[in-house]
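Novice: The structure's right below; bear with me while I get my questions together.
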Amino acid sequence: MLRRTDLGATNSLIRELQSEDPKECKALFRMTLETFETLLENITLFIQRQDTIARDEIPAKVKLQVTLSYLAAGISYQYLQALYRIFF
Numbered sequence: 000m001l002r003r004t005d006l007g008a009t010n011s012l013i014r015e016l017q018s019e020d021p022k023e024c025k026a027l028f029r030m031t032l033e034t035f036e037t038l039l040e041n042i043t044l045f046i047q048r049q050d051t052i053a054r055d056e057i058p059a060k061v062k063l064q065v066t067l068s069y070l071a072a073g074i075s076y077q078y079l080q081a082l083y084r085i086f087f
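Here it is as structure tokens:
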């Protein structure tokens, strides 16, 4: 869990795609970065939770990225878990 911030797709692959290849990022999520940010702003209050003693919360941004990756590309849950460093 602690390595999610260092090694997860959000802080490595996605950030790189957003800055270097916006078209590929758009292909991954099926929307532009601006649309993604707008959607994130609109749903954050509904999907964000608090950290607990047992576990750290998965940020709303990561939840949205995982959901869009699954819906847009049909990536398996096992692959998404490894890519984003989240475990259910």
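For reference, each letter of the sequence shown is one residue, going 0 to 87 in numbering that gives the first Met the number 0.
C-beta: ideal position from N, C-alpha, C; glycine also.
Note that the structure is a prediction, hence the values are computed from the model and not measured.
Note down, one range per segment and in chain order, each alpha helix (DSSP H) of at least 4 residues found wholly within the region 31 to 76.
Specialist: 32 to 46, 59 to 72
Novice: For the candidate residues K22, E40, S75, Y78, whose alpha-carbon lies nearest to that of P58?
Specialist: Considering only alpha carbons, the answer is E40.
Novice: Name the two residues that bound the continuous alpha helix (DSSP H) containing F28.
Specialist: 21 to 28
Novice: With DSSP collapsed to three states, give me the class of I146.
Specialist: This structure gives no information on residue 146, because the portion of the chain shown stretches from 0 to 87.
Novice: Exposed or buried, what is F35 when buried is set at 16 or more other beta-carbons lying within 10 Å of its beta-carbon?
Specialist: buried
Novice: Taking the alpha carbon of Q64 as the point to measure from, which residue in E19, D20, L44, M30 has its own alpha carbon closest?
Specialist: M30
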